[in-house]
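With the numbering used here as the guide, the letters of the sequence shown map in order to residues 219 to 371. The structure under discussion appears below in the form of structure tokens.
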Amino acid sequence: MLQFVVPQFIDVEDKILGPLTVRQFLQILVWGIVMFLSFRVLNFIAFIFFGIFWSVLVFLLAFIKINSRPFHYFILSILQTQRLPKLRVWHKEETEYEFRFGFAKPQKPKAPIAQKQALTASRLTELSLVVDTGGAYDETGEVVAESLKQNHA
219 MLQFVVPQFI DVEDKILGPL TVRQFLQILV WGIVMFLSFR VLNFIAFIFF
269 GIFWSVLVFL LAFIKINSRP FHYFILSILQ TQRLPKLRVW HKEETEYEFR
319 FGFAKPQKPK APIAQKQALT ASRLTELSLV VDTGGAYDET GEVVAESLKQ
369 NHA
């Protein structure tokens with residue numbers, strides 16, 4: 219029988235440069251390029267504000283994990299939760315396609331539900347006799363089976 223090597227730890231990203239993964243390295247590389255270009259283009263005060271904002275954002279996205287998942291998954295989950303409705307209700311309606319091509323089945327009128335008659339006191343006593351005796355006596359008080367008659371005699 220052939221044996222195969224089963225890959226393990228497939229959710230762990232490969233480290234390429236010390237403790238940095240490919241994703242983290244590329245984020246920091248892009249951050250460094252953007253910081254260099256903003257230093258050359260912006261005045262010093264604007265560069266400080268721009269640099270602090272983007273530095274915090276990039277380092278959050280690169281290094282912070284929430285519930286062992288990268289921070290950008292957390293941000294995407296927040297956005298998806300805000301975008302979707304809080305309560306999901308299914309309203310089955312006939313679509314235009316179903317209406318036009320006759321795929322919707324006509325609704326049949328439902329048969330009325332038969333109402334059960336209320337139990338009277340005498341009927342309740344008869345049923346309690348049957349239940350209490352384990353079915354040995356019927357509603358009239360007669361013994362149902364001969365074997366039961368012998369056991370109770």
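Quick reminder that beta carbons are idealized off the backbone N, C-alpha and C, glycines included.
Quick check on residue i: does DSSP put it in helix, strand or coil?
i: Leu235; result: strand
i: Gln226; result: coil
i: Met219; result: coil
i: Glu312; result: coil
i: Thr338; result: coil
i: Leu305; result: coil
i: Gln333; result: coil
i: Leu347; result: helix
i: Leu247; result: helix
Tell me whether the beta-carbon of residue i lies closer than 7 Å to the beta-carbon of residue j.
i: Gln242; j: Ala280; result: yes
i: Ile246; j: Val240; result: no
i: Val274; j: Trp249; result: no
i: Ile375; j: Phe292; result: Nothing in the structure corresponds to residue 375, since the chain is present only between 219 and 371.
i: Phe267; j: Ser256; result: no
i: Leu347; j: Tyr355; result: yes
Based on the DSSP secondary-structure assignment, which residues constitute the bridge partners of residue i?
i: Ile284; result: Arg287
For residue i, tell me which candidate among the options has the shortest Cα-Cα distance.
i: Asp229; options: Pro288, Gln300 and Ala336; result: Pro288
i: Glu231; options: Ser286, Leu220 and Val252; result: Ser286
Answer yes or no: the CB of residue i versus the heavy atoms of the ligand FMN, is any distance below 6 Å?
i: Lys310; result: For the ligand FMN, the structure offers nothing, since it holds no ligand at all.
Would you be able to state if there are at least three C-beta pairs under 8 Å between the segment 289-309 and the segment 257-268? no
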